[in-house]
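First comes the structure, then the notes that go with it.
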Ligand SMILES: Nc1ncnc2c1ncn2[C@@H]1O[C@H](COP(=O)(O)OP(=O)(O)OP(=O)(O)O)[C@@H](O)[C@H]1O
Ligand SMILES: [Mg+2]
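Now the structure itself:
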């Protein structure tokens, strides 16, 4: 029978907290940057310009169709060989996760925009609005209703994906856990605590997503 | 390409207009002149190109050839030439109001905001002034009490009247109606036709695509019968509807009641 001993971890509580905050900070950054990238790529997909469409298509497919772990290692270890520019582990991590998330967000945003009745853009155009104004004032506000639940889901996945950055020695929650394990030789307790922390942060978030789906259905 | 020609009394002048979708030729060499303040009814079988012609007039469809003048704005199209710039297109459209079969009200905006949207965004009218204009127009279509409702709370007839007010808010020189009453329950048709009749009597230049032959006969000055992208017959409304010259027109009209009980 294994003898659980969580007491020993109490001395590491600040490391756990540090790691958790780092994970949350990275998540926040990659969500914001990813949404920006996704908005650009998603709208480029809908552009009349075939070059823009092709560029965004290539971007989306490259990042959707290769494993995130491979992308992280490539940006950290391979890109500097190619460009001669060293990226800090943090920069490489945030950049890769943002690009990866952006490629999924782009598809959500594109889908949300094309789901809006084309009659809506026609009505905006018929008033004399420019296509950019129509997108901003008529189409996107309606598309966002459909987009928010899948964007939130994707963001929850991003939160979990941040655990991969530990392979680049970015001091996130998982990385701190590895440090603590090497100190205490208590992997079972450490990784259990880490799993619980992820769980405790995400359960309320998924509840919010569920709730927002319902309120959005009813709102204007 | 915008230019200025001093117009006589014609408000709309369409010359040699052509449109095809791929290999499907939808409009072949259309010529139409519409006098200022007159009402033209565009009739014809399904697929004859009525909507396409109407949508060419506000560039929702870009023609492959010909020329369109509305008021002082002219666009010339030919297959080789580039599409007009987005800004120029938008400016051209702001001078024509369009009313759609399915209303296309903005569901995320209130009735008042729907009507204010054009002046606010396109003309940059100050908010207070845009609101005043919108309330006046809503009064005109009999919906002042619905200003703060959202479109999903309105009946079809009310929606279409809001859509008319929204188009009028741009103070366009021309109003285009594409089967404005076709999606309505029969008992709601009259309220929309009533608003259109008022507009016509106020001297608005209007082109209406319609299957309401009795209304066309009563309100339109001119009727144009379109079939397979060609104008088969045109003339004063009563002449064309009561005594069509062409067999095709006669055959088409035989499917309709062309008179109210008068
Ligand atoms: N965007 C489009 N792309 C391809 N073909 C089109 C498009 N719009 C219209 N057409 C074709 O052009 C032809 C004329 O269509 P249009 O909508 O102008 O007819 P209509 O006279 O308005 O018919 P209805 O009475 O059914 O509304 C049809 O064959 C239609 O399939
Ligand atoms: Mg039509």
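Chains as they are written, first to last, in full-length UniProt numbering: chain A, 1 to 220; chain B, 1 to 262. By construction, the Cβ of each residue, glycine as well, lies at the ideal position given by its N, Cα and C atoms.
- When 7 Å is used as the limit between beta carbons, residue 138 of chain A is near these residues of chain B: 106, in chain order.
- Taking 9 Å as the threshold, the shortest C-beta distance from residue 141 of chain A to chain B falls below it.
- As DSSP reads the structure, residue 24 of chain B sits in a beta bridge with B:21.
- 9 Å or more divides the Cβ of residue 47 of chain B from the Cβ of residue 17 of chain B.
- According to the DSSP assignment, residue 247 of chain B belongs to the alpha helix (DSSP H) that extends over 247–253.
- The C-beta of residue 179 of chain B comes no closer than 9 Å to any C-beta of chain A.
- Taking a Cβ-Cβ threshold of 9 Å, none of the residues of chain A is close to residue 21 of chain B; the smallest such distance is about 15 Å.
- Between the beta-carbon of residue 35 of chain A and that of residue 110 of chain A there is about 13 Å, and that puts the pair past the 8 Å contact cut.
- For residue 112 of chain A, the closest C-alpha among the options A:95, A:151 and A:103 is that of A:151.
- Residue contact with chain B for residue 215 of chain A: absent (no Cβ-Cβ distance below 9 Å to any residue of chain B).
- Straight-line measurement puts the Cα of residue 57 of chain B at about 14 Å from the Cα of residue 84 of chain B.
- From the listed residues B:161, B:156 and B:128, the smallest Cα separation to residue 144 of chain B is found for B:161.
- Of all residues in the region 159–171 of chain B, only 170 place a beta-carbon less than 7 Å from a beta-carbon of chain A.
- In the structure shown, residue 131 of chain B falls within a helical segment according to DSSP collapsed to helix, strand and coil.
- Runs of alpha helix (DSSP H) with 4 or more residues, each lying fully within the region 73–100 of chain B, are found at 86–93, listed in chain order.
- Within the same chain, and ignoring the five residues on either side of residue 57 of chain A in sequence, no residue has its Cβ closer than 6 Å to its Cβ.
- With its beta carbon at least 9 Å from every one in chain B, residue 44 of chain A lies outside the interface.
- For residue 257 of chain B, same chain residues with a beta-carbon under 8 Å away, outside a window of 5 residues either side, are 213 and 214 in chain order.
- Leaving aside the five residues that flank residue 152 of chain B on each side, the residues in its chain whose CB is nearer than 8 Å to its CB run, in chain order, 107.
- If the five residues before and after residue 137 of chain B are omitted, its C-beta is found closer than 7 Å to the C-beta atoms of 115, 165, 168 and 169, all from its own chain and listed in chain order.
- A check of alpha carbon separations from residue 85 of chain A across A:75, A:157 and A:130 identifies A:75 as the nearest.
- Interface residue (Cβ-Cβ distance to chain B less than 9 Å): residue 171 of chain A is not classified as such.
- Residue 105 of chain A sits away from residue 146 of chain A, with the two beta carbons spaced by 9 Å or more.
- The beta carbons of residue 25 of chain B and residue 33 of chain B sit no closer together than 9 Å.
- Listed along the chain, the chain A residues whose CB falls inside 8 Å of the CB of residue 60 of chain B are 122, 125 and 126.
- Under the Cβ distance rule, residue 112 of chain A does not count among the residues neighbouring chain B, no pair being separated by less than 9 Å.
- Taking residue 224 of chain B as reference, the option from B:234, B:218 and B:230 with the minimal CA-CA separation is B:234.
- Of all residues in the region 110–123 of chain B, the ones placed with a Cβ closer than 7 Å to any Cβ belonging to chain A are 117, 118, 121 and 122, in chain order.
- Per DSSP, the unbroken beta strand (DSSP E) holding residue 178 of chain B starts and ends at 174–178.
- Not one heavy atom of ligand 1 lies closer than 8 Å to the C-beta of residue 122 of chain B.
- No Cβ-Cβ contact shorter than 9 Å links residue 33 of chain A with residue 168 of chain A.
- Put simply, the CB of residue 87 of chain B is near chain A, with a gap under 9 Å to one of its CB atoms.
- With fewer than 16 other Cβ atoms from the protein chains shown falling within 10 Å of its own Cβ, residue 155 of chain B counts as exposed.
- Contacts between residue 129 of chain A and chain B, judged by CB atoms closer than 9 Å, involve 90, 93, 94, 117, 118, 121 and 122 in chain order.
- Using a Cβ-Cβ cut-off of 9 Å, residue 196 of chain B is close to nothing in chain A; its nearest Cβ partner there is about 17 Å away.
- If you draw a 10 Å sphere on the C-beta of residue 178 of chain B, you find 16 or more other C-beta atoms in it, and that means buried.
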